[in-house]
Amino acid sequence: MPSASGKSPWFVEPLGKQHDRAAFACGNETLDRYLKEIASQDARRLVAAPFVAVASTAPKNILGYYMLSAFGIDLGSLPAEVARKLPTYPVVPATLLGRLAVDQRCRGQGIGEFLLIDALHRAYAQSSQIAAVAVVVDAIDAQAVRFYRHFNFLLFPETPDRLFLPMRTIRNMFQRI
Ligand SMILES: CC(C)(COP(=O)(O)OP(=O)(O)OC[C@H]1O[C@@H](n2cnc3c(N)ncnc32)[C@H](O)[C@@H]1OP(=O)(O)O)[C@@H](O)C(=O)NCCC(=O)NCCS
């Protein structure tokens with residue numbers, strides 16, 4: 302994975318009124334509709350925080366987006382070897398990366414990875430103030446599961462479309478940079 306701070310033609314910022322949500326098309330109607338109709342409402346209601354990637358040359362065009370929220374993992378839903386290393390609280394804190402999508406016109410350029418690294422870095426930075434043992438992702442379909450598996454996310458044994466990356470792994474990733 303690349304560094305979160307290296308030079309890039311893109312940057313990530315909170316979704317704002319200046320961004321052209323209507324033009325976004327990732328090929329998945331649920332994810333498109335979410336950005337167009339619900340993301341700002343969720344932000345206003347403090348349910349989720351939306352972030353978008355834009356190019357410095359065209360800062361209104363949304364290249365991709367992701368959402369972050371606080372989350373609780375049932376200890377029993379984790380693989381036994383992971384749960385064993387945690388205290389026996391019924392629920393442990395995590396950060397949820399609920400959605401992540403890239404406009405289909407700019408796939409394959411590294412924007413998905415750029416967004417994912419940014420989300421992981423943001424979750425890691427927050428975890429020193431508000432603890433989280435992992436970043437959890439909800440994958441929209443089998444291809445999305447493969448995308449997250451490509452970045453070493455682990456499976457919840459009973460929930461095939463939900464995956465996680467331990468914060469220890471994320472910390473090691475950023476401490477090496
Ligand atoms: C999945 C998605 C975010 C990937 O975005 P992208 O910008 O095309 O991906 P990138 O160019 O950053 O690819 C980064 C790496 O991931 C790999 N990758 C991309 N999509 C992949 C997939 N579906 N399965 C496995 N690997 C994948 C690439 O091959 C690349 O690997 P490399 O660096 O080893 O060459 C994008 O296709 C998308 O928005 N899909 C629809 C929505 C979706 O599935 N969201 C996922 C979570 S809900």
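For reference, each letter of the sequence shown is one residue, going 302 to 478 in my numbering. Positions of the beta carbon are idealized from the N, C-alpha and C atoms, including for glycine.
Contact annotation: N329 and I412 have beta-carbon atoms that are not nearer than 8 Å.
For T460, the number of other beta carbons within 10 angstroms of its own is below 16, and it is reported as exposed.
With contacts defined as CB atoms closer than 8 Å, A433 and L398 fail to qualify as a contacting pair.
Counting the other Cβ atoms within 10 Å of the Cβ of G317 gives fewer than 16, which makes it exposed. For the 8 Å CB-CB criterion, V348 and L416 do not form a contact. The C-alpha of Q405 lies about 16 Å from the C-alpha of K337. In the three-state scheme derived from DSSP, where H, G and I count as helix and E and B as strand, A381 is classed as helix. Under DSSP, A326 takes part in no beta bridge, so it has no partner.
Beta-carbon to beta-carbon, F454 and L464 are separated by about 4 Å, close enough to satisfy the 8 Å threshold. The DSSP-derived three-state label of E459 is coil.
Under the criterion of beta carbons closer than 8 Å, L387 and L376 qualify as touching, at roughly 6 Å.
Residue pairing of Y367 in beta bridges, as defined by DSSP: F352, L401.
Between F457 and L379, the CB-CB gap stays under 8 Å. Boundaries of the alpha helix (DSSP H) harbouring V446: 443-451, taken from the DSSP string.
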